[in-house]
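**Q**
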Amino acid sequence: MEFKTFHYKTLNDIKEEAERLGLDLKFSDNMDIFLNEAEVCGVRIPNRLAVHPMEGCDGDEDESPGLLTKRRYERFARGGAGLIWFEAVAAVPEGKASPRQLHITENNLSGFEDIIKLIKKSAREVYGQRHEPVVIMQLTHSGRFSKPRGTFEPVIACKNPFMENKYKNEDIARIITDEELEKLEDEFVKAALLAKKAGFDGVDIKACHHYLASELLSAFTRSGRYGGDFKGRTRFLLNMVDKVRDAVGKDLILASRLNIYDGMAYPYGWGVDKEDYLKPDFTEPLQLAGLLWERGVRMLDITMGTPYLNPHVNRPYDQGDYVPPEHPLEGAARMVNGIGVIQKAYPEMAIVGTGYTYLRHFSPYLAAGSLENGLATLIGFGRMALAYPDFAADILNKGELSSRKSCVCCSKCAKLLRAGANTGCVVRDAEKYAPIYKEVFG
14 MEFKTFHYKT
24 LNDIKEEAER
34 LGLDLKFSDN
44 MDIFLNEAEV
54 CGVRIPNRLA
64 VHPMEGCDGD
74 EDESPGLLTK
84 RRYERFARGG
94 AGLIWFEAVA
104 AVPEGKASPR
114 QLHITENNLS
124 GFEDIIKLIK
134 KSAREVYGQR
144 HEPVVIMQLT
154 HSGRFSKPRG
164 TFEPVIACKN
174 PFMENKYKNE
184 DIARIITDEE
194 LEKLEDEFVK
204 AALLAKKAGF
214 DGVDIKACHH
224 YLASELLSAF
234 TRSGRYGGDF
244 KGRTRFLLNM
254 VDKVRDAVGK
264 DLILASRLNI
274 YDGMAYPYGW
284 GVDKEDYLKP
294 DFTEPLQLAG
304 LLWERGVRML
314 DITMGTPYLN
324 PHVNRPYDQG
334 DYVPPEHPLE
344 GAARMVNGIG
354 VIQKAYPEMA
364 IVGTGYTYLR
374 HFSPYLAAGS
384 LENGLATLIG
394 FGRMALAYPD
404 FAADILNKGE
414 LSSRKSCVCC
424 SKCAKLLRAG
434 ANTGCVVRDA
444 EKYAPIYKEV
454 FG
């Protein structure tokens with residue numbers, strides 16, 4: 014399907030385009046559906062709107078949240094979302110995606126305690142005692158995208174010609190050993206215990222976008238205990254889930270941001286049709302979701318693709334590094350309906366949906382349709398949250414989003430992130446981030 018930039022004047026224009034393209038997109042004008050509470054592991058989520066984990070590359074020298082980090086989360090908290098999925102925090106320093114990425118340790122724990130207090134206090138000041146957002150910490154190892162000192166220091170699960178063709182750095186990459194993976198599992202446990210101590214409501218073991226845990230899911234060509242067959246490829250993630258659950262107990266939400274489709278050819282992609290990698294095959298992701306449920310994981314934030322290779326898969330856009338090979342609405346439909354496959358298979362699991370931002374101020378109608386049709390439990394926004402931190406308040410109180418405040422999918426925030434620079438919305442938060450963008454890119 015031919016790529017087109019966003020040009021829609023009305024919701025009906027989008028519906029007609031989707032029909033012309035043969036896409037199944039569910040819309041609803043029932044904005045009251047977002048007011049419903051949700052409950053996960055006995056923890057109350059005050060509404061059905063969530064902020065996705067959005068890294069800011071703005072940690073302090075001690076790897077704790079910096080001034081811009083605190084500003085971002087205070088804005089999110091005052092913005093009204095019931096769930097704030099805190100950005101990626103490295104479990105080990107060598108797994109950082111940039112020198113300014115956060116990393117939780119015993120020495121900087123107070124900085125994370127302070128930001129949790131800030132989030133909860135800021136939300137209560139605006140919405141009262143009944144509204145306290147649930148906050149999940151995302152724990153990560155960046156794997157082949159690790160840049161702890163600002164340049165690539167890739168740690169990989171196995172060779173991948175798709176990544177090598179683009180980055181040409183596998184000659185400096187180190188294939189992580191089984192023994193190192195086993196030790197890394199324990200490092201994630203230590204980080205999870207610190208997150209609990211800091212006051213987070215849950216932890217996410219990140220397994221998306223081809224970072225290390227995600228790449229292992231597609232490690233068909235890897236030998237040893239952590240590759241090859243389904244049991245081997247899921248071993249790292251499942252081991253961490255078991256170990257973290259044993260360590261933190263049942264009063265902490267255990268979650269994962271999980272890829273269900275990589276969009277690269279077998280045997281290098283997870284959740285793909287072996288004959289045609291452009292088609293998802295959710296057989297293994299469904300099996301994994303079931304195993305995660307059995308082990309106590311009650312919440313998944315589901316996504317697809319990798320921003321390092323095929324960003325149009327996980328965040329349909331108008332402007333980026335290349336012209337996508339598909340219409341952005343096709344990407345939105347793949348995401349929304351693929352997530353729905355998991356939700357319908359495990360209706361008791363809290364699934365956070367994504368893929369809505371491309372529709373700008375029309376996105377609440379697709380989001381409401383997803384909730385009404387059982388395609389998600391909560392609705393997450395990422396780029397939209399950076400551009401429009403009070404998106405949730407406007408949906409909940411006004412029943413709409415403003416076109417003047419919505420994300421325009423220009424990819425400038427993603428460019429800042431890839432450059433390891435302080436990251437935010439260059440368009441809607443221009444006073445703060447336009448000078449940074451100009452300094453980095455001229």
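Going by this note's numbering, the residue at position 297 of the sequence shown is 310; the numbering climbs one at a time, nothing skipped.
Virtual Cβ for every residue (Gly too), placed ideally from N, Cα, C.
#1: Between the alpha carbons of residue 124 and residue 376, how many angstroms are there, rounded?
#2: Is it right to say residue 416 is buried, meaning 16 or more other beta carbons lie within 10 angstroms of its own, or is it exposed?
#3: Note down, one range per segment and in chain order, each alpha helix (DSSP H) of at least 4 residues found wholly within the segment 29-101.
#4: Does the separation of the CB atoms of residue 2 and residue 231 fall below 8 Å?
#5: Classify residue 25 as helix, strand or coil using the three-state DSSP reduction.
#6: Put residue 151 into one of helix, strand or coil per three-state DSSP.
#7: Give me the Cα-Cα distance between residue 195 and residue 68, rounded to the nearest whole angstrom.
#8: Identify whether residue 173 lies in helix, strand or coil by the three-state DSSP scheme.
#9: I need the straight-line Cα distance from residue 236 to residue 193, nearest angstrom please.
#10: Report yes or no: do three or more beta-carbon pairs, one from the segment 67-87 and one from the segment 283-296, lie closer than 8 Å?
#11: Just to confirm the assignment: which complete beta strand (DSSP E) runs, minimum length 3, are found wholly within the segment 170-219?
#12: To the nearest angstrom, how far is it from the Cα of residue 374 to the Cα of residue 402?
#13: Taking one C-beta from the segment 198-214 and one from the segment 261-278 each time, how about it: are there three or more such pairs within less than 8 Å?
#14: Ends of the alpha helix (DSSP H) at residue 259?
#15: When we look at the beta-carbon of residue 43 and count the other beta-carbons within 10 Å, is it buried (16 or more) or exposed?
#16: In the structure shown, what three-state DSSP assignment does residue 269 receive?
#17: For residue 105, which residues from the same chain have a beta carbon less than 6 Å from its beta carbon, with the 5 sequence-adjacent residues on both sides left out?
#18: DSSP has residue 285 in a bridge; who is on the other side?
#19: Could you tell me which whole alpha helix (DSSP H) segments of length 4 or greater appear in the segment 323-407?
#20: So, using beta-carbon positions, are residue 169 and residue 228 closer together than 8 Å?
#21: Does the segment 303-312 touch the segment 253-260, meaning 3 or more C-beta pairs lie closer than 8 Å?
#22: Taking the straight line between their C-alpha atoms, what separation do you get for residue 386 and residue 203?
#23: Please report the residue range of the alpha helix (DSSP H) in which residue 414 lies.
#24: Going by Cα to Cα distance, which pick from 298, 393 and 186 is closest to residue 355?
#25: Drop a sphere of 10 angstroms on the beta-carbon of residue 328, count the other beta-carbons inside from all chains shown, and report buried for 16 or more, exposed for fewer.
#26: Quick check on the DSSP output: the alpha helix (DSSP H) that includes residue 127 runs from which residue to which?
#27: Assuming residue 317 and residue 382 form a contact by the criterion Cβ under 8 Å, report the distance between their Cβ atoms to the nearest whole angstrom.
#28: My output table needs one value for residue 104: the three-state DSSP class, helix, strand or coil.
#29: What whole-angstrom Cβ distance do residue 102 and residue 115 have, given they're in contact under 8 Å?
#30: For residue 449, which of helix, strand or coil comes out of DSSP?
#31: Below 8 Å between beta carbons: does that hold for residue 65 and residue 282?
#32: Looking only at its chain, what residues have a beta carbon closer than 6 Å to the beta carbon of residue 225, apart from the 5 residues adjacent to it on each side?
#33: Do residue 400 and residue 418 have their C-beta atoms closer together than 8 Å?
#34: Taking C-alpha atoms, which residue in 175, 189 and 300 lies nearest to residue 322?
#35: Return the CA-CA distance between residue 148 and residue 48, expressed in angstroms with no decimal places.
#36: Which residue wins for smallest C-alpha separation from residue 171, given the options 96, 17, 233 and 445?
**A** On the basis of the coordinates in this document:
#1: Cα atoms of residue 124 and residue 376: separation of roughly 35 Å, rounded to the nearest angstrom.
#2: The residue in question, residue 416, is exposed, as its Cβ has fewer than 16 Cβ neighbours within 10 Å.
#3: List check, alpha helix (DSSP H) in window: 80-91.
#4: There is no way to answer for residue 2, as the model of the chain reaches only from 14 to 455.
#5: Three-state result, residue 25: helix.
#6: In this structure, residue 151 counts as strand in the three-state DSSP scheme.
#7: If you take the alpha carbons of residue 195 and residue 68, they lie about 27 Å apart.
#8: Looking at residue 173 - three-state DSSP - the assignment turns out to be coil, as it is neither helix nor strand.
#9: Looking at the two C-alpha atoms, the distance is approximately 14 Å.
#10: Short answer: they don't touch.
#11: If only complete runs of 3 or more residues are kept, the segment 170-219 shows the beta strand (DSSP E) at 215-218, in order along the chain.
#12: Going from the Cα of residue 374 to the Cα of residue 402 covers about 14 Å.
#13: Yes: the two stretches touch, three or more of their Cβ pairs being nearer than 8 Å.
#14: If you look at residue 259, you'll find it in the alpha helix (DSSP H) that goes 248-261.
#15: By the neighbour-count rule (16 or more Cβ atoms within 10 Å), residue 43 is not buried but exposed.
#16: Strand.
#17: The beta carbon of residue 105 is closer than 6 Å to those of 200 in its chain, skipping five residues each way along the sequence.
#18: Under DSSP, residue 285 takes part in a beta bridge, and its partners are 293.
#19: The qualifying runs are 324-327, 341-358, 376-385 and 396-400.
#20: Yes.
#21: By the Cβ criterion, the segment 253-260 is in contact with the segment 303-312, since at least three pairs of Cβ atoms, one from each stretch, lie closer than 8 Å.
#22: Their backbone Cα atoms lie some 39 Å apart in a straight line.
#23: For residue 414, there is no enclosing alpha helix (DSSP H), as DSSP marks it with neither H nor E.
#24: The residue with the shortest Cα to Cα distance from residue 355 is 298.
#25: Classification of residue 328: buried, given that the 10 Å Cβ count is 16 or more.
#26: Following the DSSP letters along the chain, one finds residue 127 inside the alpha helix (DSSP H) bounded by residues 122-140.
#27: At roughly 19 Å, the Cβ-Cβ gap does not stay under 8 Å, so residue 317 and residue 382 are not in contact.
#28: In this structure, residue 104 counts as coil in the three-state DSSP scheme.
#29: Rounded, the Cβ-Cβ distance is 5 Å, consistent with contact.
#30: In the structure shown, residue 449 sits in a helix (DSSP, three-state: H, G or I).
#31: No, the Cβ-Cβ distance between residue 65 and residue 282 is not below 8 Å.
#32: Result list for residue 225: 154 and 156, in chain order.
#33: Between residue 400 and residue 418, the CB-CB gap stays under 8 Å.
#34: When the alpha-carbon of residue 322 is set against those of 175, 189 and 300, the nearest one is in 175.
#35: One alpha carbon belongs to residue 148, the other to residue 48, and they sit about 18 Å apart.
#36: With distances taken between CA atoms, residue 171 lies nearest to 233 out of 96, 17, 233 and 445.
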